[in-house]
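Scroll down for the structure; my scribbles are underneath it.
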Amino acid sequence: MAKFSFSKLFSNASKDVQEKAEDVMEAAQKIAAEAQKDAAVIAKKVERGAAKTVKTVKKQANSAVKTVKKEAGVVAKKATKVAKVAGKEASALAKTVQKEATAAGSAVAKRATAAAKTVSAAVSPKVSAASSVAELRAAAKAKGLKGYAAMTKPQLVKALKLK
């Protein structure tokens, strides 16, 4: 008959538990490394998107400046005609020129406002409590929060003050 030894049983069980714990630690480290890579990829995508948006805004701003210069030239020509025309015709033409200048100015203002909104949306992407952990970590990094890499999703939501 074989001898039954509690110490061997406990020793074997202890080794098994230790091996399982090491396996779990390795798996957790792999998952953490993958999450960090994913966060870096997302950050790069956001950075590229912001760069594209800035480029678009610059194009729109240049276009707006060209439009303003063109409209200013047209307005100047019409103003010269107004100076030459007398009486009622002069005041009617002046009103028309003023309306066109106002319309051109408001069009430029609308383009600039739209461009500014586009830039602010690209630079600060919208995150919510439903966002992924990687998106929340990217937002936390963008806000300059400390320790975001080790935070859980509920902690990130709380730190970012999301609803």
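Residue 162 in this note's numbering sits at position 162 of the sequence shown, with consecutive numbering throughout.
We treat Cβ as the ideally placed atom computed from N, Cα and C, and that holds for glycine.
(message) Classify S131: buried if its beta carbon has 16 or more other beta carbons within 10 angstroms, exposed otherwise.
(response) buried
(message) Here's the rule I'm using: 16 or more other beta-carbon atoms within 10 Å means buried, otherwise exposed. How should E22 be labelled?
(response) exposed
(message) Cutting at 8 Å between CB atoms, please list the residues of its own chain near A140, excluding the five before and the five after it.
(response) Excluding positions up to five away in sequence, the list reads Y148, M151, L156, A159 and L160.
(request) Determine, using beta carbons only, whether A138 and A39 come nearer to each other than 8 Å. (result) Yes; because the gap between Cβ atoms is below 8 Å, this pair is in contact.
(request) Rounded to whole angstroms, what's the CA-CA distance from S91 to K163? Just pull it up for me. (result) 58 Å
(message) Considering only their Cβ atoms, is the gap separating A134 from A35 smaller than 8 Å?
(response) yes
(request) From the DSSP output, in three-state form, read off F4 for me. (result) Three-state DSSP puts F4 in coil, outside helix and strand.
(message) Need the endpoints of the alpha helix (DSSP H) that K153 sits in, please.
(response) K153 to A159
(message) Using 8 Å as the cut-off, can you tell me whether the region 66 to 81 makes contact with the region 94 to 113, which would need three or more C-beta pairs spanning the two stretches below that distance?
(response) Touching, yes, given that three or more Cβ pairs across the two stretches are closer than 8 Å.
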